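Shown next, in the form of structure tokens:
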């Protein structure tokens, strides 16, 4: 029936796996939960407890494969025809999380995304940027997600038929953080495989500091820059690419890059404050991308 895949890296996945095991047992389905730490060396003792749960397996890679390649590797180890991919730092918001996905399997869907939520309580001030961004840009209603089904999905909480994934594997050339979801879901869209959106969210618990989020954003944009050179993404698939395309047409890429470099430190200071502006964060990403494209 269902294989649950949880790629992880230096994170205690036991609480998540324990909850999923409980829900699967309550649903009385055939299941397996497979967790692989991608080259991490922390929380080994905590994660080893996963092997004591029913139909659950934890192991680790001794070198870092990258998230996409790790998911492909996890997929090769599965024995059921339906896969549920979850990030290790997520957690179901409801106790009927598995049951709601099972009901979608019975409807014959191929790819189903349940959504993501962020807890209402504000985190510490040094983590506000990631929290604000998540609540406003990722925690979308089903109606908003359906306006761009594949573009508004994430692979942190997604149900997918195994033959769809084995025929459309994650791009293993993307070894760093960022945009592997977009490339994967864009490839599905080109094959007319459209994501079904439902209200079955998980909380995103792993809120990094604003400094860490800015650093990861730059890594992701470097990834995006490399991806554009492979022609596997059209500029219409990403807001950053669309805006850069327009700036290029009116010859404002160099000016945007110049302005970004002049203001970079001031913007970073603001984005790490108690009231970070997401519009300013948008300019930060665009400006840095223009600098990469110069």
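Residue numbers (the numbering used here): 40 to 333.
Heads up, the beta-carbon is just placed ideally off N, CA and C, and yes, glycines get one too.
All of these numbers come straight from a predicted model, not from anything done at the bench.
Nonlocal neighbours in the same chain, by C-beta distance under 6 Å from residue i, ignoring five residues either side
i	result
residue 139	239
residue 224	189 and 192
residue 124	44, 194 and 197
residue 215	258 and 262
residue 322	none
Residue i and residue j closer than 8 Å at C-beta
i	j	result
residue 199	residue 122	yes
residue 260	residue 221	no
residue 195	residue 129	yes
residue 97	residue 90	yes
residue 249	residue 167	yes
residue 141	residue 178	no
residue 246	residue 162	yes
residue 213	residue 266	yes
residue 181	residue 144	no
residue 62	residue 136	yes
residue 332	residue 283	yes
residue 70	residue 50	no
residue 111	residue 313	no
residue 315	residue 241	no
residue 75	residue 41	no
Helix, strand or coil at residue i according to DSSP, with G and I counted as helix
i	result
residue 233	coil
residue 213	coil
residue 255	helix
residue 111	helix
residue 198	strand
residue 48	coil
residue 312	coil
residue 119	coil
residue 54	helix
residue 64	helix
residue 28	With the chain covering 40 to 333 only, the question about residue 28 has no answer from this structure.
residue 172	helix
residue 124	strand
residue 31	Residue 31 falls outside the range modelled here, since the chain spans only 40 to 333, and no answer is possible.
residue 129	strand
residue 267	helix
residue 205	helix
residue 248	coil
Exposure label - residue i; buried when at least 16 CB within 10 Å
i	result
residue 258	exposed
residue 60	buried
residue 147	exposed
residue 219	buried
residue 126	buried
residue 54	exposed
residue 308	exposed
residue 276	buried
residue 256	buried
residue 270	exposed
residue 304	exposed
residue 210	buried
residue 184	buried
residue 86	buried
residue 169	buried
7 Å Cβ shell around residue i - same chain, five flanking residues per side excluded
i	result
residue 116	73
residue 175	317
residue 294	none
residue 95	56, 60, 72 and 89
residue 253	307 and 310
residue 134	62
Close-in-space but distant-in-sequence residues of the same chain around residue i (CB under 8 Å, 5 per side omitted)
i	result
residue 330	296, 299 and 300
residue 227	150, 189, 203, 207, 233 and 234
residue 77	46, 47, 48, 99, 100, 103, 104, 105, 106 and 109
residue 279	260, 263, 324, 325 and 328
residue 173	155, 157, 243 and 246
residue 93	60 and 64
Beta carbon proximity, residue i to chain C, threshold 8 Å
i	result
residue 66	The chain inventory of the structure shown lacks chain C, comprising one protein chain alone.
Any non-hydrogen atom of the ligand COA closer than 7 Å to residue i Cβ
i	result
residue 126	This structure lacks the ligand COA, and indeed carries no ligand of any kind.
Start-end ranges of the alpha helix (DSSP H) lying completely within the region 73 to 100, minimum 4 residues: 83 to 87
Complete runs of the beta strand (DSSP E) confined to the region 141 to 170 [at least 3 residues]: Secondary structure within the region 141 to 170: the beta strand (DSSP E) runs of 3 or more consecutive residues, fully enclosed, are 150 to 152 (chain order).
Alpha helix (DSSP H) runs wholly inside the region 271 to 328, at least 4 long, in chain order: Correct list: 278 to 288 and 292 to 310.
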